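Below is one structure; the comments refer to it alone.
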Amino acid sequence: NLGGGVGILGVIRTVSVIVPVHNSECWLDECLKSVWEQDFKETMELSIFNDASKDGSAEIIEKWKIKLEDAGVPVIVGSNDSSQPRGVGFAKNQAVIQSSGTYLCFLDSDDVMMPQRVRLQHEAAIQHPNSIIGCQVRREPLESTERYTRWINNLTEEQLLTQVFTSHGPTVIMPTWFCSREWFFHVGKFDEGGKGVPEDLLFFYKHIQKGGEVFRVNRCLLLYRYHPQAASHSVLEGTIWNHRVRFLEDRVLSSWTSFTIWNAGKQGKKLYRSLSPANRKKVAAFCDVDEKKITKGFYTYEESEERPKPKIPICHFRDATPPFIICVKLVSTTFSLSSMCKNQYLLLMKNEFLFTVNSFSQKLLLCN
Numbered sequence: 001n002l003g004g005g006v007g008i009l010g011v012i013r014t015v016s017v018i019v020p021v022h023n024s025e026c027w028l029d030e031c032l033k034s035v036w037e038q039d040f041k042e043t044m045e046l047s048i049f050n051d052a053s054k055d056g057s058a059e060i061i062e063k064w065k066i067k068l069e070d071a072g073v074p075v076i077v078g079s080n081d082s083s084q085p086r087g088v089g090f091a092k093n094q095a096v097i098q099s100s101g102t103y104l105c106f107l108d109s110d111d112v113m114m115p116q117r118v119r120l121q122h123e124a125a126i127q128h129p130n131s132i133i134g135c136q137v138r139r140e141p142l143e144s145t146e147r148y149t150r151w152i153n154n155l156t157e158e159q160l161l162t163q164v165f166t167s168h169g170p171t172v173i174m175p176t177w178f179c180s181r182e183w184f185f186h187v188g189k190f191d192e193g194g195k196g197v198p199e200d201l202l203f204f205y206k207h208i209q210k211g212g213e214v215f216r217v218n219r220c221l222l223l224y225r226y227h228p229q230a231a232s233h234s235v236l237e238g239t240i241w242n243h244r245v246r247f248l249e250d251r252v253l254s255s256w257t258s259f260t261i262w263n264a265g266k267q268g269k270k271l272y273r274s275l276s277p278a279n280r281k282k283v284a285a286f287c288d289v290d291e292k293k294i295t296k297g298f299y300t301y302e303e304s305e306e307r308p309k310p311k312i313p314i315c316h317f318r319d320a321t322p323p324f325i326i327c328v329k330l331v332s333t334t335f336s337l338s339s340m341c342k343n344q345y346l347l348l349m350k351n352e353f354l355f356t357v358n359s360f361s362q363k364l365l366l367c368n
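Take a look at the structure:
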């Protein structure tokens, strides 16, 4: 049971702001001040879980507990007092369990909300009860992850669902999430595997698998910090890759009998090798525009224990048979995909390279 109960003095609040904390003293003051500055007029509480911080985070929390409660915002503080942190997923779950809000507003301890955030996302959540609600962000420092930030802020409403396979992660980023408590419990808790586990990505995938939708408030409502201590840096690229491939297999490839991988180079072959044996057998061909790759004629899967080893044909894209999974470098997408694959529906996956998924007779969705 992930809780969801009655708050302080038996009152159920409209919104609980959920803040996991671990050694956050550098940013926590500004973060909690942004909770205090919200212009939301309905009932709100702050639920913090301090996960074995060894810096001055606890003192900052106590200072803001007094200020917020003086302003009519109850503060619930939980803590892991052991010598070792349990991880972001555990801390978020505990903060949710001890809270009471009908809606949950997630906030990372190194980020800052704009005063309108809770109000505007609450309005959106009422209209979209089975959705994760996000918002646009401003990156700090401004020049950090410029391409990623542009992607976050400019996805269309349709792309919020069609680009869920990208290695950028969720199409609305975790620090902007807002959802109903009921829907959160329907999806289930965050993975508590600790350091190195992409708990937000795994929750997002479960959300999609359970029929959840994605909506973004098209206002910049969060200052989103980039710094070396961020928990996301502990997640290995290979871990994310493997989760993405499994999600792709479950959501898309399970219903396909065959497909073509667009890119006969390094990333296309990596994707092929990452597939399950059953899905590797569905790969009809690789296709490309590079004559050197095409003239090789085929790719031999040398790591295979099969005899003879599988040989996958390589052809020009004009001779390829859809549906496709397309692997192209992000910088390569400036060429006109629309002239090459009209009437294809592209679901963009990105990992330095873009992986794309298509189905027939749908309009074209191009990457940024």
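Each residue of the sequence shown is one higher than the one before, counting from 1 in the UniProt record's numbering. We put the beta carbon where it would ideally sit given N, CA and C, even for glycine. In this text, all values refer to a predicted model and were calculated from it rather than measured experimentally.
Closest by C-alpha distance to residue 263, out of 326, 197, 171, is 326.
Around residue 176, the same chain offers 134, 135, 222 as residues with beta carbons nearer than 6 Å, after the five sequence neighbours per side are excluded.
The bridge partners DSSP lists for residue 256 come to none. Within its own chain, the residues whose Cβ lies closer than 8 Å to the Cβ of residue 45, once the five positions on either side in sequence are excluded, are 7, 8, 13, 15, 16, 17, 73, 74, 75, 76, 99, 100, 101, listed in chain order. Per DSSP, the unbroken beta strand (DSSP E) holding residue 313 starts and ends at 311–316.
A residue is called buried when at least 16 other Cβ atoms come within 10 angstroms of its Cβ; residue 139 meets this threshold and is buried. When DSSP assignments are scanned along the segment 85–130, the uninterrupted stretches of beta strand (DSSP E) that are 3 or more residues long and fall wholly within it turn out to be 103–106. Counting of Cβ neighbours within 10 angstroms places residue 38 among the buried residues, the total reaching 16 or more. For the set 284, 84, 112, 178, the Cα lying nearest the Cα of residue 194 is the one of 84.
Residues 245 of the same chain have their beta carbon placed closer than 6 Å to that of residue 274, with the five preceding and five following residues left out of the count. Take the alpha-carbon of residue 103 and the one of residue 47: they are about 12 Å apart. Per the DSSP secondary-structure output, residue 55 pairs with nothing in a beta bridge.
Taking the C-beta atoms as reference points, residue 79 is found nearer than 7 Å to residue 50. Annotated as distal: residue 247 and residue 124, with beta-carbon spacing of 7 Å or more. Runs of beta strand (DSSP E) with 3 or more residues, each lying fully within the segment 127–197, are found at 131–140, 178–180, listed in chain order. Only residues of its own chain outside the window of five on either side were considered, and among them 258, 259, 260, 261, 272, 275, 312 have a CB closer than 8 Å to the CB of residue 283, listed in chain order. As for any beta strand (DSSP E) of minimum length 3 sitting wholly inside the segment 201–246, the runs are 213–225, ordered along the chain. Rounded to whole angstroms, the gap between the alpha carbons of residue 155 and residue 204 is 17 Å. Around the beta-carbon of residue 11, fewer than 16 other beta-carbon atoms lie within 10 Å, marking it exposed. At a Cβ-Cβ threshold of 7 Å, residue 201 and residue 191 do not count as neighbours. Between the beta-carbon of residue 53 and that of residue 21 there is about 6 Å, and that keeps the pair under the 8 Å contact cut. When the beta-carbon positions are compared, residue 131 and residue 182 stay at least 7 Å from each other.
Between the C-alpha atoms of residue 180 and residue 277 there is a straight-line separation of about 39 Å. Measuring C-alpha to C-alpha distances from residue 318 to each of 288, 35, 303 identifies 288 as the nearest. For residue 129, the number of other beta carbons within 10 angstroms of its own is below 16, and it is reported as exposed. Closest option to residue 31, judged by alpha-carbon separation, among 87, 62, 109, 69: 109.
Judged by their CB atoms, residue 111 and residue 224 are nearer to each other than the 7 Å cut-off. For the pair residue 314 and residue 296, the CB atoms are nearer than the 7 Å cut-off. In the DSSP assignment, the residues bridged to residue 49 are 20, 78. Distance check between residue 217 and each of 323, 114, 302 places 114 closest, using alpha-carbon atoms only.
Residue 300 has 311 as its beta-bridge partners, per DSSP. Separation of residue 219 and residue 187 (C-alpha to C-alpha, rounded to the nearest whole angstrom) is 26 Å.
Put simply, of 171, 206, 240 the residue whose alpha carbon is nearest the alpha carbon of residue 198 is 240. Annotated three-state conformation of residue 319 is helix, per DSSP.
The C-beta distance from residue 196 to residue 142 rounds to 29 Å, too long to meet the 8 Å contact threshold.
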